[in-house]
Amino acid sequence: MNTQILLSAQTLNIQSCIEWIMSPESGGIDVFIGTVRNATKGKKVLRLDFEAYEPMAISEMNKIAAQAFERWPVQKILIHHRIGLLDVGEVPVVIAVSAAHRDAAFDACRYIIDTLKQTVPIWKKESFEDGDVWVAAHP
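272 is the number of the first residue of the sequence shown in my numbering; add one for each residue after it.
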């Protein structure tokens, strides 16, 4: 398995992610970039604060990547997630998958982000003008 898994308080470098995922064998690369949006359920978002149970989060991200390699003929998988305070417009998650053909890359990328949302122990505090709320990072 050719994977790159990262949980970091540092800004995610999208260009580095794309450069790492590319390979001469890849005919298709799918990249999902999650960003902090400016509103949730009609309320203005000021910022998000991500926390994780890091050992388990890394373990679960590796498990998800292994499952994707078993299900699709993909060549590389990248899963990067931020922790800490993020402002509107910043990037909390990047998922990238390369494969010989686009269908495998698209399907594996969707599976990875959807499964990450369901199983990885990452939480976020949404800060609004009228207060804060803790929720699962990826409801």
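Glycine residues also receive a C-beta, built at the ideal position from the N, C-alpha and C atoms. Computed from a predicted model, the values in this text were never measured in an experiment.
Quiz item: Can you tell me the Cα-Cα spacing of Pro-344 and Ala-376, whole angstroms?
Solution: 8 Å
Quiz item: So what's Ala-337 in DSSP terms, helix, strand or just coil?
Solution: helix
Exercise. Measure from the C-beta of Val-391 to each C-beta in chain B and report whether the shortest distance is under 7 Å.
Key: Note that chain B does not occur in the displayed structure, where there is just one protein chain.
Practice problem: Let me know the beta strand (DSSP E) ranges lying completely inside the segment 283-358, each 3 residues or longer, listed in chain order. | Solution: 299-305, 314-323, 345-353, 355-358
Quiz item: Can at least three beta-carbon pairs, one atom from the segment 345-357 and one from the segment 280-298, be found at a separation below 8 Å?
Solution: yes
Self-check item: Residues near Ala-336 in its chain [Cβ-Cβ closer than 6 Å; skip 5 each side]
Solution: Thr-274, Ile-348
Quiz item: Taking the Cβ atom as the reference point for each residue, do Ile-366 and Ile-383 lie within a distance shorter than 7 Å?
Solution: yes
Practice problem: Would you decide whether Val-364 is buried or exposed? Buried here means 16 or more other CB atoms lie within 10 Å of its CB. | Solution: buried
Quiz prompt | Lys-312 beta carbon less than 7 Å from that of Glu-400 | solution = no
Quiz item: Where does the unbroken alpha helix (DSSP H) through Gln-389 begin, and where does it stop?
Solution: 373-390
Quiz item: What whole-angstrom Cβ distance do Gln-346 and Ala-370 have, given they're in contact under 8 Å?
Solution: 6 Å
Quiz item: Nearest to Lys-388 by alpha carbon, out of Gly-305, Arg-318, Ser-297?
Solution: Gly-305
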